[in-house]
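Step one of this worksheet: look at the structure below.
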DNA sequence: TGGGGTCTTGTAATCGATTTCAGTACGGCA
DNA sequence: TGCCGTACTGAAATCGATTACAAGACCCCA
């Protein structure tokens, strides 16, 4: 049985003031006379008082928590992002709840339900696959202000979305390969229907056109962001009559699987085929060959999303934040998985 | 402004009963007459009522949340564990809070403070480096029952600790290498002072003695669990006059760095040196060479920890749970990073 | 017919904070 | 001296649930 801790009543008794005064001492100290304030703080010290969050939240009609929706906690890509989010809320009194939408998808009305329950004050969703219905329901309840997307987003909605400049990333990758002399460039995509898949593929395709490079249907290899799908892409490439000399992968993990698969099929990277990844996860610089990739500042992404949500939860409803701030720069990191094509 | 949602009062009014009856309908339905119960559920439907957690928690003197302390969210090792924990709590009404103890270490009294605040009901700590003081303070407040360790633990305390059989893992690794014909086996350790470092190193050293293998001081290479430390270990090995023919690494990430470093130094794996990892993170099977390693069931570890904490938070204080259940089996996974030594 | 038991339900206290409203004290000014 | 504004503090309502206690209805059996 936890030792029953001091309440505001106890403090008031010790300081010989009312509970209202104690409350004010904490939230609005300059309202009090100097002596009173000191007496209260003294009493707080003595009793070891800490304000009870449940009571405070009940009275203030807030939950004191935000929810982060992660498509798959098991993916290393998310870890640093979460660290960033968590840091963004560290100096506030919001708790950070994390839910994995893959291991347990949200039920109908569950998201809005969390708000209504008083469980959460806001949401950061890393999952762009949230159902339209769930979002609409939140909007209908006037909760639209409390939702921020991160990395992914939902087309056709106008929730703020902190994200990397995916298009620019794809263009950097293609230009880099083009610069090395590659012309036959393939793309291993993410899962169909994912906004990142679309953004990266579209930019890749259009940049390829801009540079006047050849395009073949089979060079767009559908997959998902998994290592396995990279492995599968390798098998497809090995079976092609007209092989590309370079592959731009939609994720580093895909690149790892791809390289591993190519190697198993007797092709070496970058000698026979160059590979570019996307994300720059920790492993990438130590992979053999070290992976050329598009760096995303994952920590910053998380941190910014936290800031953005905090703004929106704050007292002033319309913030001055610039939507342009929501696009985070990416960077090409050249390592050893790319080289000029064989002549 | 979120649409003010229905309260228990509203439901009571609609159903023409008292709030007590509504409350009972939810928590103890068979106490009510059939007709009443139906009327209440009908009213709940009509009003869209959802119980307010803050109010409920306040009244029931509970927080409705558990905290998971993660040493470094950025490490891919933890992701699946968190998914397991999260799944373990999915069917309960506990929220799962996650805090990164590296990016923001716990302050004095902060942990006990969370309990007293009514912010959390329990803790799962993946961090074995929690200060003794913080733990003692919790014990003193009678909160000892509410703490469970996971993966790591703190020597000399008797909190339950769900963990892999680290000793067995180390022995499996050494026996595997011994079986291949290796005699000169080195070990790249984790950070000094970490319980896992100690457990794995001690078991490695004693198994090496059991098998009557040579031991050299420099073959115990101190590091931490990072890729970088594996890289550094490679440099040390390259500089040795008497090189080992195999290295048992304290983590897969260390193995990756090691292999990368050896390769950079002109030694290839497994031809020149065999490498065994520990953890079997997702990447390991796709690394080149695919990594021979000790598999930890990370999802199960997380899930078990959740179960264990739930038991302890439940109404019956002394659970029947067997402490033996807390040790999770590990498995040797043989891939391509190990081979017989060159003759 | 009356006492005792079971079923069902309601009244009201309670959890621990915040905040509105009102009151007191005091100083300044006419 | 009397009125008013300012500074400070307290009493009490409130947030939305849970639950101890009590009371009414009904049945059974002596």
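Residue numbers (the working numbering), protein chains in the order written: chain C, 1 to 343; chain P, 1001 to 1343.
C-beta atoms are modelled at their ideal positions from N, C-alpha and C, and glycine is treated no differently.
Only a predicted model underlies this, so the values are computations on that prediction, with no experimental measurement involved.
When we look at the beta-carbon of residue i and count the other beta-carbons within 10 Å, is it buried (16 or more) or exposed?
i	result
residue 60(C)	exposed
residue 92(C)	exposed
residue 145(C)	buried
residue 1028(P)	exposed
residue 207(C)	buried
residue 271(C)	exposed
residue 179(C)	exposed
residue 34(C)	exposed
residue 1233(P)	buried
residue 1296(P)	buried
residue 9(C)	exposed
residue 1020(P)	exposed
In this structure, does DSSP put residue i in helix, strand or coil?
i	result
residue 1137(P)	helix
residue 1192(P)	coil
residue 1260(P)	helix
residue 123(C)	strand
residue 1081(P)	helix
residue 1117(P)	helix
residue 1131(P)	coil
residue 183(C)	coil
residue 1215(P)	coil
residue 1164(P)	strand
residue 51(C)	coil
residue 1(C)	Any reading at residue 1(C) needs caution, since the residue's pLDDT is 38, under 50, leaving its predicted position unreliable; the model's value is listed next. In the structure shown, residue 1(C) sits in coil (DSSP, three-state: anything other than H, G, I, E or B).
residue 1210(P)	helix
residue 240(C)	coil
residue 254(C)	helix
residue 159(C)	coil
residue 227(C)	helix
List the residues of chain C that residue i touches, going by C-beta distances under 8 Å, in chain order.
i	result
residue 1256(P)	283, 286, 287
residue 1051(P)	117
Would you say residue i faces chain C, with C-beta separation under 8 Å as the test?
i	result
residue 1280(P)	no
residue 1103(P)	yes
residue 1291(P)	no
residue 1170(P)	no
residue 1232(P)	no
Which chain C residues sit within Cβ distance under 9 Å of residue i?
i	result
residue 1304(P)	What residue 1304(P) touches in chain C: nothing, since even the nearest Cβ is about 16 Å away.
residue 1259(P)	286, 288
residue 1005(P)	115, 116, 117, 118, 141
Which residues in chain P have a C-beta closer than 9 Å to the C-beta of residue i? List them in chain order.
i	result
residue 97(C)	1065, 1095, 1096, 1097, 1098
residue 166(C)	Ordered by position in chain P, no residue passes the 9 Å Cβ test against residue 166(C), which lies about 22 Å from the chain.
residue 277(C)	The premise fails here: residue 277(C) is roughly 13 Å from chain P at the closest Cβ pair, so nothing lies under 9 Å.
residue 113(C)	1050
Kindly identify the DSSP beta-bridge partner or partners of residue i.
i	result
residue 1042(P)	Answer is none; residue 1042(P) lacks a bridge partner.
residue 19(C)	Answer by DSSP bridge pairing: none, since residue 19(C) is not bridged.
residue 249(C)	188(C)
residue 1065(P)	1095(P)
residue 331(C)	295(C)
residue 1148(P)	1124(P)
residue 306(C)	Looking at the DSSP assignment, residue 306(C) forms no beta bridge with any residue, so it has no partner.
residue 1282(P)	Note: residue 1282(P) sits in no beta bridge, so no partner.
residue 1030(P)	Answer is none; residue 1030(P) lacks a bridge partner.
residue 276(C)	248(C), 292(C)
residue 1221(P)	1188(P)
residue 100(C)	70(C)
Please tell me whether residue i has its Cβ less than 8 Å away from any Cβ of chain P.
i	result
residue 80(C)	yes
residue 87(C)	yes
residue 11(C)	no
residue 227(C)	yes
residue 1(C)	Any answer about residue 1(C) is weak, because its pLDDT of 38 lies below 50 and its placement is not dependable; what the coordinates show is given next. Chain P contact via Cβ: present.
residue 83(C)	yes
Anything in chain P within Cβ reach of residue i, meaning under 7 Å, just list it in chain order.
i	result
residue 263(C)	1288
residue 75(C)	1079
Could you list which residues in chain P have their beta carbon closer than 8 Å to that of residue i, in chain order?
i	result
residue 90(C)	1103, 1104
Who are the neighbours of residue i on chain C, taking C-beta pairs under 7 Å?
i	result
residue 1058(P)	54, 55, 58
residue 1125(P)	Within 7 Å Cβ-Cβ: nothing; residue 1125(P) doesn't reach chain C, min ~16 Å.
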